[in-house]
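Read top to bottom, the protein sequences are chains A and B.
Read in order, the letters of the first sequence correspond to residues 0 to 297 in numbering that gives the first Met the number 0.
Read in order, the letters of the second sequence correspond to residues 0 to 305 in numbering that gives the first Met the number 0.
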Amino acid sequence: MSVPATATLPAPEALEQGSSLGHDAWLRLRKNQLAVFGLVCLAVVAVLCLVGPWLLPYGYEEQKLELGASPPGAMHWLGTDTLGRDLLVRLLYGGRISLGVGLAATFVALTIGVVYGAVAGFFGGKLDAVLMRIVDIMYSLPFPIFVILLMVFFGKNIILLFVAIGAVEWLTMARIVRSQVMAVKRMEFIEAARALGFGKRRIIFRHILPNILGPIIVYTTLTIPAVMLLEAFLSFLGLGVQPPMSSWGVLIKDGAEKMEEFSWLLVFPAALFSLTLFSLNFLGDGLRDALDVRSSKD
Amino acid sequence: MFRFITSRLLQSLLALFLVITATFFMIRFVPGGPFTAEKAVTPEILRNLEAHYGLDRPLWRQYLDYLLSLGRGDLGPSFKYPNRTVNEIIGDKLPVSAELGALALAFALVIGITLGTLAAVYRNTWIDYVASTFGMMGISIPTFVVGPLLVLGLAIHLGWFNASGWYGPPDRVLPAIVLGFAYAAPVSRLTRGGMLEILGQDFIRTARAKGASELRIITRHALRGGLLPVVSFLGPAVAGILTGSFVIETIFQIPGIGREFVNSAFNRDYTLVLGTVILYAVLIMALNLVVDIVQAWMNPKVRLEE
C-alpha cells in the first residue's frame, strides 16, 4: 500500500505471479509522459479546489466594493473582480462546481449507458433492434438545443443541470458497451457460467462487465471533459450556475465581458479550465493506449 | 439504395414529429407566458392578446392548429416581434448564420485535412507532433475561451479587426476561425488516421511501383479512401457548428439565428422557439442523411443497412 515500500520490491517481471490487466496498463501508462503529466495536474487541481477555499481568508461572495477590480497582488494573488471578490477563491469554488458537475453528470451517463448497452448487447434479437433504433433516433435529435430549452425554462437548478447533461451523453457509451458485450458473450467462460446455472443478471454484471472495463474506463475519462465543456457552454450563455456561486464557465463569461480593462479576469479562469481539459484528454488518450482499446474511438 | 433512403426518411420524419411534440408541450408547461414580462398588461388586454394568438383555446386544439399550419409551411406569428412572422425572422437571420457556418466549416476542412495529411505522410517527424499538439489544443480549448482571447489580442490590442459586428468581409475572419478551430482539430486527427491506414495498402505500393509521383499518389489515390472517417464526422461537425454559433454570435454580436433562438427561449416566444427548433432538427437530419449517402458513394464497402 505505502509508496516507499513498493520501491524496494523487485521489478515486476522478476515476480513469479502473472500480472493483471490493471497492473500492465499502469506500467504502460507510466511510460506515457503526457498522461502522467495530466494525472498529476488533475490531482493538484482537484486537491486545490477541495482544500484551497478553507485555507484562504476570503469567501466566494465576500465583496469589497471599495476595492473594485484590482490586478494580482500580495493581498489577492490573482486579483479581484469588479465587486472586489477574490478571484482565486472564486476560481477554486468554481472548480468544485465544474469538476463536480463533470463527475456527477458522467456518472449519470455511465450508469444509463452501461445498463442500456449491456442489456441490448446481451439479449440481442428484437429487443436489441428496438433499443438501438431508439438510440439512432435520439442521436439525430438536436440535443444541445433541448438542454438549452430545459435550462431556460426549468433552470437555476444544478441537479437538473447534470441530469440533463448526463441524459445527453449516455448514447455513445451505450453503443460502445453493446458492441463489447456482443463480442464477449460468445466466449467460453460465459458458456461455462451459463452451464453452471447462473442467472442472467449475475452473468452480465459479474462476468461480462468486468471484462469490458477497459473501454468503459477510457470512454468515461473522455466523457468528463465533454461534460465540463457543455456545462461551461451553458454557463457562458447565462444558463448554468447562477450567481453569486461561480463555475469556470461563469468566470470565463464574466471575464470575457470585462477583458478590455481587466484582462486577468479572463486569462486566469481560461488558463485553468483549458489546463484541466488538456489533462483529462491527455489522460484519456494515455489510458486508451495503455488499455489497447481499438473500438473506443467512435 | 432507394429502400435505404426511404427508410431513413421515414425515420427522420418520426424523429421530427417527436421533436415538435416534445417541444410544443414542454414550453406550454413552463411557468410564465410570452406576455407576462410586460408590466402594463391589464387582464382584459391579456385576454385579448391571448385570443388574438389563439392561446385561449384548449391545448390539444392549439397543437392540431399548429401542426396544420406547419403542413402549409407556416410557422406562425412571433409573439414578441409584433407584425412579424417566424418565417420572416428566420429568412432574415438564417443567411447570416449559414454564411458563418459555411466559412467555419471551410476553414476547419482546409486546415484539418492539410494538417492531417501532412502528419500522416511525415509520420513521427516534427510536423506530426506539431499537428497532434494543434489537435489537442482544438479539443481542449473551448471556443468561448479562444474567441475572447483572440478578440483581446488581435482586435483590442493590435487593432487588426473590429471586436464585434457583422458588416464588411474583415468581420467574417475572426468568428469563422474561432468557430472552425474546434472542428479543424478532430478533422486533422481523423484524416491522419484514415491516411495512415490507406497509405499502408497494396494499391498504393502498386501506384508507387508504376512510378506515380508522391503528390499524385496522395491526391488521386489515397485521399478518397483516407477521407472516409472525415466524411462520417461531418454530420456531428455541422450539428456542432450550428449550436456552437450560439456562443460565437454572442461573443461577436452577430445578428444570426443562434442568438435569436436563445433570446426567444428567454422571452417565451413560443412560436419562434418552435420554429427555430424545427429548423435545427431538419437541418441536422438532412445533413446526416446526405453524409450517409456520400459515404456510401465514396466507399462501396460501407454496406447500407436498413
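For glycine and all other residues, C-beta sits at the position ideal for the given N, C-alpha and C.
Computed from a predicted structure; not experimentally measured.
Quick one: list the residues of chain A neighbouring Ile-250 (chain B), beta-carbon separation under 8 Å, in chain order. For this step, residue 250 (chain B) is matched to residue 251 along the second sequence. Within chain A, the residues near Ile-250 (chain B) are Ala-255.
According to DSSP, Asp-85 (chain A) sits in a beta bridge with which residue or residues? Taking the first residue of the first sequence as position 1, residue 85 (chain A) is located at position 86. DSSP lists A:Thr-79 as partners of Asp-85 (chain A).
Taking all protein chains shown into account, decide if Pro-209 (chain A) is buried (16 or more other Cβ within 10 angstroms of its Cβ) or exposed. Residue numbering aside, residue 209 (chain A) sits at position 210 when the first sequence is read from its first letter. By the neighbour-count rule (16 or more Cβ atoms within 10 Å), Pro-209 (chain A) is not buried but exposed.
Judging by CA-CA distance, which residue of B:Ser-131, B:Leu-227, B:Gly-100 and B:Thr-116 is the nearest neighbour of Val-172 (chain B)? Numbered from its first residue, the second sequence carries residue 172 (chain B) at position 173. The shortest Cα separation from Val-172 (chain B) among B:Ser-131, B:Leu-227, B:Gly-100 and B:Thr-116 belongs to B:Gly-100.
With distance defined between alpha-carbon atoms, name the residue in A:Arg-185, A:Leu-170 and A:Arg-205 nearest to Thr-219 (chain A). Residue numbering aside, residue 219 (chain A) sits at position 220 when the first sequence is read from its first letter. When only C-alpha atoms are compared, the closest one is A:Leu-170.
Among A:Pro-52, A:Ile-96, A:Gln-32 and A:Leu-98, nearest to Asp-85 (chain A) - alpha-carbon criterion: Translated into the one-based positions of the first sequence, residue 85 (chain A) becomes position 86. The residue with the shortest Cα to Cα distance from Asp-85 (chain A) is A:Pro-52.
Would you check if the stretch 252-259 of chain B and the stretch 256-272 of chain A touch, i.e. whether three or more CB-CB distances between them fall below 8 Å? no
Any contact of the stretch 73-86 of chain B with the stretch 229-247 of chain B, i.e. 3+ C-beta pairs under 8 Å? no
Please list, in chain order, the chain B residues whose beta carbon lies closer than 9 Å to that of Ile-147 (chain A). As a position in the first sequence, residue 147 (chain A) is number 148, starting the count at 1. Simply Thr-242, Phe-245, Phe-260, Val-261 and Ala-264.
Leaving aside the five residues before and after Val-18 (chain B) along the sequence, list all residues of the same chain whose C-beta is less than 8 Å from its C-beta, in chain order. Counting from one through the second sequence, the residue named residue 18 (chain B) turns up at place 19. Closer than 8 Å at Cβ, skipping near neighbours: Val-276, Ile-277 and Ala-280.
In chain B, what lies closer than 8 Å to Asn-280 (chain A) by C-beta? Translated into positions along the first sequence, residue 280 (chain A) becomes position 281. Going along chain B in sequence order, the residues near Asn-280 (chain A) (Cβ under 8 Å) are Met-135, Ile-138 and Ser-139.
Pro-143 (chain A) touches chain B at which residues, Cβ-Cβ below 7 Å? Here residue 143 (chain A) refers to the residue found at position 144 when the first sequence is read from its first residue. Under the 7 Å cutoff, chain B gives Thr-242.
Taking 7 Å as the limit between beta carbons, can you name the residues of its chain near Ala-14 (chain B), skipping five residues before and five after? Start at 1 with the first residue of the second sequence, and residue 14 (chain B) comes out as number 15. Around Ala-14 (chain B): Met-284.
Just to confirm the assignment, what range does the alpha helix (DSSP H) spanning Lys-125 (chain A) have? By one-based count along the first sequence, residue 125 (chain A) stands at place 126. First-last of the alpha helix (DSSP H) with Lys-125 (chain A): 124-138.
Chain B contact residues for Glu-259 (chain A), given Cβ-Cβ distances below 7 Å: Residue numbering aside, residue 259 (chain A) sits at position 260 when the first sequence is read from its first letter. Per Cβ cutoff of 7 Å: Ile-155.
On the three-pair Cβ rule with 8 Å, is the stretch 192-208 of chain A touching the stretch 215-231 of chain B? no
Which residues in chain A have a C-beta closer than 9 Å to the C-beta of Gln-10 (chain B)? List them in chain order. Numbered from 1 along the second sequence, position 11 holds the residue referred to as residue 10 (chain B). Going along chain A in sequence order, the residues near Gln-10 (chain B) (Cβ under 9 Å) are Arg-132, Asp-135, Ile-136 and Ser-139.
Under 8 Å between the Cβ atoms of Met-183 (chain A) and Val-167 (chain A)? By 1-based counting over the first sequence, the position of residue 183 (chain A) is 184. By 1-based counting over the first sequence, the position of residue 167 (chain A) is 168. Met is not the amino acid found at residue 183 (chain A); the sequence shown has Val there. Not in contact: Val-183 (chain A) and Val-167 (chain A) (Cβ atoms no closer than 8 Å).
Which residues of the stretch 226-257 of chain A have a Cβ closer than 7 Å to any Cβ of chain B? Give them in chain order. Leu-228, Ala-231, Phe-232, Phe-235, Leu-236, Ile-251 and Ala-255
Check whether the stretch 225-234 of chain A touches the stretch 110-128 of chain B, taking contact to mean three or more Cβ pairs, one atom from each stretch, closer than 8 Å. no
Roughly how many whole angstroms lie between the Cα atoms of Leu-273 (chain B) and Thr-22 (chain B)? Here residue 273 (chain B) is taken as the residue at index 274 of the second sequence, counted from 1. Here residue 22 (chain B) is taken as the residue at index 23 of the second sequence, counted from 1. Spanning the two alpha carbons is a distance of roughly 7 Å.
Between which residues of its own chain and Phe-250 (chain A) is the CB-CB distance below 6 Å, once the five residues before and five after are set aside? On the first sequence, residue 250 (chain A) is found 251 positions in, with the first residue counted as 1. Before going further, note that residue 250 (chain A) is Leu rather than Phe in the sequence given. If we look at Leu-250 (chain A) and ignore the five residues flanking it on each side, its Cβ neighbours are Gly-93 and Pro-268.
Looking at the structure shown, is Pro-76 (chain B) part of a helix, part of a strand, or coil, going by DSSP? The sequence position of residue 76 (chain B) within the second sequence is 77, counting from 1. Strand, per DSSP.
When B:Leu-151, B:Lys-79, B:Ile-89 and B:Val-150 are compared against Asp-73 (chain B), the one with the closest alpha-carbon: Within the second sequence, residue 73 (chain B) is the residue found at index 74, counting from 1. The shortest Cα separation from Asp-73 (chain B) among B:Leu-151, B:Lys-79, B:Ile-89 and B:Val-150 belongs to B:Ile-89.
Can you tell me whether Val-88 (chain A) is buried or exposed? The criterion is at least 16 other CB atoms within 10 Å of its CB, across all chains shown. Position 89 of the first sequence, counted from the start, is the residue given in the question as residue 88 (chain A). So Val-88 (chain A) ends up on the buried side.
May I ask you to verify whether the stretch 40-52 of chain A touches the stretch 276-286 of chain A, counting CB pairs closer than 8 Å and requiring at least 3? yes
Flag Glu-60 (chain A) as yes when its Cβ comes closer than 7 Å to any non-hydrogen atom of the ligand MG, and as no otherwise. With respect to the ligand MG, the structure shown offers nothing to examine, as it has no ligands at all.
Enumerate in chain order the residues of its own chain whose CB-to-CB distance from Arg-191 (chain B) is below 6 Å, with the five nearest sequence positions on each side excluded. As a first step, residue 191 (chain B) must be located in the second sequence, where it is residue number 192. Closer than 6 Å at Cβ, skipping near neighbours: Gly-115, Ala-118 and Ala-119.
Just to confirm before moving on: does the CB-CB distance between Val-144 (chain B) and Phe-272 (chain A) stay below 8 Å? Looking up residue 144 (chain B) in the second sequence gives position 145. Looking up residue 272 (chain A) in the first sequence gives position 273. Against a cut-off of 8 Å, the Cβ pair of Phe-272 (chain A) and Val-144 (chain B) comes out as a contact.
Check the Cβ of Ser-273 (chain A) against every Cβ in chain B and list those closer than 9 Å, keeping chain order. In the first sequence, residue 273 (chain A) corresponds to position 274, counting from 1. Per Cβ cutoff of 9 Å: Met-136, Ser-139, Ile-140, Pro-141 and Val-144.
Length of the line joining the Cα atoms of Ala-50 (chain B) and Phe-153 (chain A): Position 51 of the second sequence, counted from the first residue, corresponds to residue 50 (chain B). Position 154 of the first sequence, counted from the first residue, corresponds to residue 153 (chain A). Computed Cα separation, rounded: 27 Å.
Leaving out five residues before and five after Met-0 (chain A) in sequence, what residues of the same chain have Cβ atoms less than 7 Å from its Cβ? As a first step, residue 0 (chain A) must be located in the first sequence, where it is residue number 1. Reliability fails at Met-0 (chain A), whose pLDDT of 38 lies under 50, so the model's placement of it is uncertain and no value is given.
For a test of the three-state rule: what should DSSP assign to Leu-8 (chain B), helix, strand or coil? Translated into positions along the second sequence, residue 8 (chain B) becomes position 9. Helix, per DSSP.
DSSP three-state assignment for Thr-124 (chain B), whether helix, strand or coil: Taking the first residue of the second sequence as 1, we reach residue 124 (chain B) at position 125. If DSSP states are grouped into helix, strand and coil, Thr-124 (chain B) belongs with coil.
By Cβ distance, which residues of its chain are closer than 6 Å to Ile-292 (chain B), with the 5 residues on each side in sequence left out? For this step, residue 292 (chain B) is matched to residue 293 along the second sequence. So no residue of the chain qualifies.
Minimum Cβ-Cβ distance from Val-276 (chain B) to chain A less than 8 Å: Translated into positions along the second sequence, residue 276 (chain B) becomes position 277. Output row for Val-276 (chain B): interface = yes.
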